[in-house]
Each structure stands twice: as C-alpha cells, then as structure tokens.
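Just so you know, the sequences run in chain order A and B.
Residue 1 is where the first sequence starts when you use the UniProt record's numbering, and the numbers rise one by one after that.
Residue 1 is where the second sequence starts when you use the UniProt record's numbering, and the numbers rise one by one after that.
Step one of this worksheet: look at the structure below.
2 protein chains.
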Amino acid sequence: MRDTPITPTTTAAKATTTTSDSKDVRDQKILTGDRATGQLHLGHYVGSLKQRVELQHLNQQTILVADMQGLTDNGNTPSKVADNILNVVADYLAVGIDPAKTTICLQSGVPALSELTMYYANLVSIARLERNPTVKSEIQGKNFGRSIPAGFLTYPISQAADITAFQAQLVPVGDDQLPMLEQTNEIVRKVNALANREVLRECQPLLSNISRLPSADGKSKMSKSLGNVITLDASDKTISQAVKAMYTDPNHLTVDQPGQIEGNVVFTYLDAFHPDADYVAQLKDHYQRGGLGDGKTKQILTDCLQTLISPIRARRQALIADKGYLIEVLKKGTEQAKQESQQALDNVKAAFGLNLL
Amino acid sequence: MRDTPITPTTTAAKATTTTSDSKDVRDQKILTGDRATGQLHLGHYVGSLKQRVELQHLNQQTILVADMQGLTDNGNTPSKVADNILNVVADYLAVGIDPAKTTICLQSGVPALSELTMYYANLVSIARLERNPTVKSEIQGKNFGRSIPAGFLTYPISQAADITAFQAQLVPVGDDQLPMLEQTNEIVRKVNALANREVLRECQPLLSNISRLPSADGKSKMSKSLGNVITLDASDKTISQAVKAMYTDPNHLTVDQPGQIEGNVVFTYLDAFHPDADYVAQLKDHYQRGGLGDGKTKQILTDCLQTLISPIRARRQALIADKGYLIEVLKKGTEQAKQESQQALDNVKAAFGLNLL
Numbered sequence: 001m002r003d004t005p006i007t008p009t010t011t012a013a014k015a016t017t018t019t020s021d022s023k024d025v026r027d028q029k030i031l032t033g034d035r036a037t038g039q040l041h042l043g044h045y046v047g048s049l050k051q052r053v054e055l056q057h058l059n060q061q062t063i064l065v066a067d068m069q070g071l072t073d074n075g076n077t078p079s080k081v082a083d084n085i086l087n088v089v090a091d092y093l094a095v096g097i098d099p100a101k102t103t104i105c106l107q108s109g110v111p112a113l114s115e116l117t118m119y120y121a122n123l124v125s126i127a128r129l130e131r132n133p134t135v136k137s138e139i140q141g142k143n144f145g146r147s148i149p150a151g152f153l154t155y156p157i158s159q160a161a162d163i164t165a166f167q168a169q170l171v172p173v174g175d176d177q178l179p180m181l182e183q184t185n186e187i188v189r190k191v192n193a194l195a196n197r198e199v200l201r202e203c204q205p206l207l208s209n210i211s212r213l214p215s216a217d218g219k220s221k222m223s224k225s226l227g228n229v230i231t232l233d234a235s236d237k238t239i240s241q242a243v244k245a246m247y248t249d250p251n252h253l254t255v256d257q258p259g260q261i262e263g264n265v266v267f268t269y270l271d272a273f274h275p276d277a278d279y280v281a282q283l284k285d286h287y288q289r290g291g292l293g294d295g296k297t298k299q300i301l302t303d304c305l306q307t308l309i310s311p312i313r314a315r316r317q318a319l320i321a322d323k324g325y326l327i328e329v330l331k332k333g334t335e336q337a338k339q340e341s342q343q344a345l346d347n348v349k350a351a352f353g354l355n356l357l
Numbered sequence: 001m002r003d004t005p006i007t008p009t010t011t012a013a014k015a016t017t018t019t020s021d022s023k024d025v026r027d028q029k030i031l032t033g034d035r036a037t038g039q040l041h042l043g044h045y046v047g048s049l050k051q052r053v054e055l056q057h058l059n060q061q062t063i064l065v066a067d068m069q070g071l072t073d074n075g076n077t078p079s080k081v082a083d084n085i086l087n088v089v090a091d092y093l094a095v096g097i098d099p100a101k102t103t104i105c106l107q108s109g110v111p112a113l114s115e116l117t118m119y120y121a122n123l124v125s126i127a128r129l130e131r132n133p134t135v136k137s138e139i140q141g142k143n144f145g146r147s148i149p150a151g152f153l154t155y156p157i158s159q160a161a162d163i164t165a166f167q168a169q170l171v172p173v174g175d176d177q178l179p180m181l182e183q184t185n186e187i188v189r190k191v192n193a194l195a196n197r198e199v200l201r202e203c204q205p206l207l208s209n210i211s212r213l214p215s216a217d218g219k220s221k222m223s224k225s226l227g228n229v230i231t232l233d234a235s236d237k238t239i240s241q242a243v244k245a246m247y248t249d250p251n252h253l254t255v256d257q258p259g260q261i262e263g264n265v266v267f268t269y270l271d272a273f274h275p276d277a278d279y280v281a282q283l284k285d286h287y288q289r290g291g292l293g294d295g296k297t298k299q300i301l302t303d304c305l306q307t308l309i310s311p312i313r314a315r316r317q318a319l320i321a322d323k324g325y326l327i328e329v330l331k332k333g334t335e336q337a338k339q340e341s342q343q344a345l346d347n348v349k350a351a352f353g354l355n356l357l
C-alpha cells in the first residue's frame, strides 16, 4: 500500500539540522498534509509533524487531511480513508499542532480544490503525467499497468490544486517529492502565460537534510499494513517489542566486538529521536570500538521512545474519545480553507476567461 | 475542431418521428447541453434545440452550457470558450427554450460537477477511458497521441458527473454518444455497489431516429471552423448563398433529366426543415422522374430556411444586445443547479464514507 503522504512524512533526520532549518523560516504560506489512510507514526513524527509544530509559530500554515487523495488508490476500499480522518486529526493535535495557529482542513470539504484540478487538467498531457518519476515508481510498485485509476495517474494535478489554492510559497518535501513541485510550477507558469500576468506564484520546496526512516527490519518501507510501524499511541510494551526486533549489526555477536553503525536501525532511530546528539555520538564511538551491547543500545532507544510517546499517547487517547471536538476543529479549519481558496479559484477562472457570473 | 456537444446536437431528422418521440416523453429528469465553443447552427436546431423546446413542457429539463468541457481541447485557447457562453444562451432563448421551464446553467458555476468528477475518477481506469470508442475516434481525429490533455481523456468521467449530478433519467443522444452513457452507468453501478444501495440511478438514452445533418458540400462534418454552417442568426443573403453552394446530384445536368435524391444535400435539408412532409415527398417524386431543376429546389429550401431563421435571428439580435439579461438568466439557472446538484454530491460522498463534516 502506498503510504506516501502529500509531503514525505515518513522521513527521518539524518542530521539534527531539520528542526533548526524550520526555525529560520518565517512569514511564509506553507501547505502540507497527509493522506488519511492510517494513523500517523514515528516516521511522520520525525519527518514532518515535529517540523510543523515549529513552523506554525512564525508562518501561515495549512495542513490538508487528504481524504480525496487517499481515495486515488482506495477507490474500492474507501472505508480505509473514511475511518482514518479523525485518527489523523487526533495525531496532529496530540503532537502539538495548534488549530489556533494552523489551519487543519479536510480536502473533500474544500470544493475549490476539485474545481482547480479540473482547470489544470486541460494544461497537462497524459504523457507528462506518465513521465512523472514519483508516479512512475508508484505505478510500478502497485503493478497497476494500464488499469491504473484515472484519479491516481492525475493526482499530481490535484496536488498542484492543493498547493496553489492556498497560494503556498513553501511546501515541506523530501527530494523524492520534488517532481510534484516541478509539475505544480509548470502549471503555474502555464496559467500565468494564459493570463499574461502573475495569477499564481511558484512554490519552493522546504527541503531538510533528511532521509526516510527505515522500518524496524531495516529493509522495507515503514507501512502500517506491513505492521512495522510504531504509531503515536503505541503502548510501552509495543515500543519495547518493536525495538527488540530491530535490525542491528548481524556480525556483532558479542558485546566486546566492535559493531557497525551503518545500517544499524537502532542508531538510525537514536539519531532521529534522541534529544542529546552528543550522547548519541559517544554511544556510537563506544559501539564501534566494542564493549557496548545491542541490549544496552536497545534499552536506551526504548526509554527514549517511551518518553517521547507517553505524553502524546495520553493526549491522543483523550482526543480520540472526544470525536465531537475533533470534528469541530476540522469543521472550523475547513471553513477557513474554503474561504481562503476561493481567491485562487476566482483568479484562475479569470485567467481562463470564465469569470462571467 | 471538435464540435461534439455533450449531446449530439449536429444531427438531423431522417424521418419526422423525432419530434413526436419527444412529445411522448413526460415526467422525466432530462440532462442535455452544449460545449460553449461556438454559436449554435441549423445542425443543433434540428438535432436537439427543437426537441428541447418540446421536452421542456412536460419534463424537468436541465441544459448545461458546458464551458469546462469546452476547455478540454481548448486549454491553450480558452477565449474560444469564454467568448461563446452568452452566444449559446442567446441561441437557446431565441429558439424558444424558456428559462422558466428549463434550468439553463453554466457548468463552471456548479462546483459539485467538479467534485463528483474527482470521486468518480477513482473508479475508472485509464485503460477503460482509452477504450471508449467516441473518445478514441476523437483522439485520432485530433492527432493527440499521448500528448492528449488529461482533461480530454477523462471528459467521459466529467459527463457522468453532469448526468448524475442532476439525477437525470433521460439523456438525448445520437447513437455515436451511447458509449458515454455506458460509461456513466458503469460508474453508477460502482457507486451503488460501494454503498450497497441505490445511491444513483442509471440513465437511459433518448434516441431519435436521426442522423447527422451534413454540411453544405455533403462531405465534411458541419463545423463552424470549416465555415460550412448556417448559424441561427444567418442573414437571408448568407442562407441563400449557402443553399446555392449545396451539393446536389452531379449527374443531374438538365432540368428534364431524372435526378437522384440520395446524397442530395438539398433534399436532406428539406427533409429536416420543411414543415410539410407531403410536399417534400411530391418534390422528391418530381425530381426523380425529371422536370424539376436544382434552381427550383434550392429556392424552395432557401425560402424555408429564411422563414425559419428570420424570427429566431430577430430575437437573437435583441437578446445578444442585452448581455445583462442573458447573464441574469444564466445566474438564476446556475443557482438552481447548484442547489439541485448538492443532493447527489452529498449522496456520493456518503457512499465513499466522506460525510463526516
């Protein structure tokens, strides 16, 4: 199953520069979001949620709960999307995304996103969509062939609608998602050329020095359906078991032996999640010269993740028990988004000359 | 250029049963419309407009001015669409379509049409779209190849949205458009299967015993861009010239000779437009046995068309001079259509489980 969000939320910090990058960003319109196809997990936390909590203080951030995009490969199993909308909202609020600072909206509640998609679809060829490297590899991964749903092949157009509807300047992405922004900016240039003025503005990626957080076995992609993710409401026991099962250095047979940290998932997670980078550096040295066992490093990681998740889990449990509140939050954000997106839609319609009524 | 409307408006009566068919239809929701890519002409008049004037008395008829569909092959020349919206509305009113009886609405003014298209796009594969015989032949005709705009390949999905948004039971079409209704009904069945109840109803074609009205040369399709159409505001002189240029029987060299009526465009038009079928039958007999010249038959057709068009032209000229009124009519109809389509959208969203807000 595709767990690709509209931003690469399953990415992890390679270095600790991710968050400091975010802190330098201010006064920008930012659009980000997630496909509503499952609970969010640690990959999302480190790849995007943490950054969003920071970005919301100095920027105008909109987060899209992308239910319609979730349908593009779940057309016949829509409950996978419907059942996860409030899960995603609860995850947002539990990690500290503040609806008073960030507009959290539901994609299907904002008609302008569909309307813009329809206009843009006239400016993008099927060949161009098929050349999109991100979509190409996803199609291959799914063995869609020509039976690919029309909504799936065209979802980069829908993403362009999402981004431009909010006149976003910055879109947090991993480099695997850059082709999506190229497609968006191509559309922007075409609309501007039609109108012979700047109707829409091009967006820029907010790239962090990040790479995808590996799954516990170090081999596959993190995926809820593969059962190899740690969700944001994971119990202490689940966390402990997941860490125990993590891939380390298969040649590190005794504590005394020097161990490898490359490809060692425990250290990748420590890099991503441990608050004390100096301490992690010391652990790495120790592990590499020998004398530090996997049991010990796994215990450190378990403690670290349990400490991180414990308060998030508590808040999340309280939130998910109050669905009325979650709906209220989503309703309010969606109403704001409806109003905000109307301007871009009006401008695009005018560019096509369709502003008669 | 594609002049295919969302109903086959460039069709002509082969027999006089077209209108009597329409008179038997009652208490039906009917959806029809035209791409707003040019003034309507005699092909539209006999193929659909005349029928609509009759249908509106006993049915709930919605006519869509399909500006967004017009963009699907005019993405880079949108003024061709924008400039023709009011032309089409003026044509409707000039022939007697009554906005008090028929909802005349602008496609781009009804967001539910775009939204439904997005949902349905997840239920239709690219392969299925490419197999659509109507689209296939249009793609070939345009030499699109893979550079076909995404909006064009997917326009059958958008048509399904148009039809189902108004819960249309009957869609007037020529048999070349039947694949469009098949596509619509496939989507209807998929949505109903998702919800396990009848969310949408299948539509039926309102087929008349009609064939496409030929252009004056008898060879090509009628097309505004080919300059071989008689528009509904054609002057007496234009009509007279167009009829003079019509293809008859090339072997009918003297008046005395017997003439052929098969492929004789003058007789095809007389069949389609002359109010007195018995008289036309007598003319045919006379022509076939010899003694009736093309000058005479052309004069009869010219008189007939001038009589038909003269009052339409006068009303049309008055209407097009009052753009404010045309906009008012379109605005009111579009507002009605917005309200009416909301129900189908709500139902479809519920079928996908996306009725949270």
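C-beta atoms are modelled at their ideal positions from N, C-alpha and C, and glycine is treated no differently.
Contacts with chain A (Cβ-Cβ distance below 7 Å) from the segment 322-355 of chain B involve I327, L330, K331, T334, K349, F352, G353, L354, listed in chain order. The continuous beta strand (DSSP E) containing P205 of chain A extends over residues 204-207. Put simply, the CB of P179 of chain A is far from chain B, with every gap to its CB atoms at 8 Å or more.
With contacts defined as CB atoms closer than 8 Å, D162 of chain A and L64 of chain A qualify as a contacting pair.
According to the DSSP secondary-structure assignment, H41 of chain A is paired through a beta bridge with A:T231. Under a criterion of Cβ atoms nearer than 9 Å, the residues of chain B adjacent to I148 of chain A are, in order, S125, I126, A127. With a threshold of 16 other beta carbon atoms within 10 Å, V255 of chain B falls short and is exposed.
Contact annotation for N87 of chain B against chain A: no contact, minimum CB-CB distance about 12 Å [criterion: below 8 Å]. Contact holds between the segment 331-338 of chain A and the segment 98-109 of chain A, because three or more Cβ pairs, one in each stretch, are under 8 Å apart.
Taking the C-beta atoms as reference points, V188 of chain B is found nearer than 8 Å to T164 of chain B. Taking C-alpha positions only, K284 of chain A is separated from G259 of chain A by approximately 9 Å. For Y287 of chain A, the number of other beta carbons within 10 angstroms of its own is at least 16, and it is reported as buried.
Taking C-beta atoms as the reference points, L31 of chain B and A160 of chain B fail to come closer than 8 Å.
Annotation: Cβ neighbours of T72 of chain A in chain B (cutoff 7 Å, chain order): N122.
Rounded to whole angstroms, the Cβ separation of T117 of chain B and M118 of chain A is 6 Å, and the two are in contact under 8 Å.
The secondary-structure analysis by DSSP pairs I63 of chain B across a beta bridge with B:T32, B:I104. Counting only runs of 3+ residues, the beta strand (DSSP E) found wholly inside the segment 71-117 of chain A occupies 102-106, in chain order. Here S125 of chain A is bridged, per DSSP, to B:P149.
In the DSSP assignment, no residue is bridged to L55 of chain B. Contacts between T154 of chain A and chain B, judged by CB atoms closer than 8 Å, involve A121, A150, T154 in chain order.
For the segment 46-67 of chain A, the set of residues with a beta-carbon nearer than 7 Å to any beta-carbon of chain B comprises D67, in chain order. Taking G174 of chain A as reference, the option from A:G43, A:R315, A:Q39, A:Q343 with the minimal CA-CA separation is A:G43. Excluding sequence positions up to five before and after A242 of chain A, its CB lies within less than 6 Å of the CB of A216, I230, all in the same chain and listed in chain order.
In the three-state reduction of the DSSP assignment, R212 of chain A falls in the strand class.
By the CB criterion at 8 Å, A82 of chain B and F352 of chain A fall inside the cutoff. Leaving aside the five residues that flank Y92 of chain B on each side, the residues in its chain whose CB is nearer than 7 Å to its CB run, in chain order, I63, I104.
Within the DSSP secondary-structure output, L170 of chain A pairs in a beta bridge with A:I30, A:Q204. Assignment of Y247 of chain B by DSSP, reduced to helix, strand and coil, places it in the coil class. Under the three-state reduction of DSSP output, R197 of chain A falls in the coil class, being neither helix nor strand. In the DSSP assignment, F273 of chain B falls within the unbroken alpha helix (DSSP H) covering 265-273.
Interface flag for T117 of chain B against chain A is set, since a Cβ pair is found closer than 8 Å.
Following the DSSP letters along the chain, one finds I157 of chain B inside the alpha helix (DSSP H) bounded by residues 155-165. Selection A:L194, A:V266, A:M68 evaluated against I85 of chain A yields A:M68 as nearest (Cα-Cα). The criterion of a C-beta distance shorter than 8 Å is not satisfied by A112 of chain B and S310 of chain B. At a cut-off of 8 Å, the C-beta of A82 of chain B has a neighbouring C-beta in chain A. Closest by C-alpha distance to K80 of chain A, out of A:A100, A:R35, A:I97, A:Q60, is A:R35.
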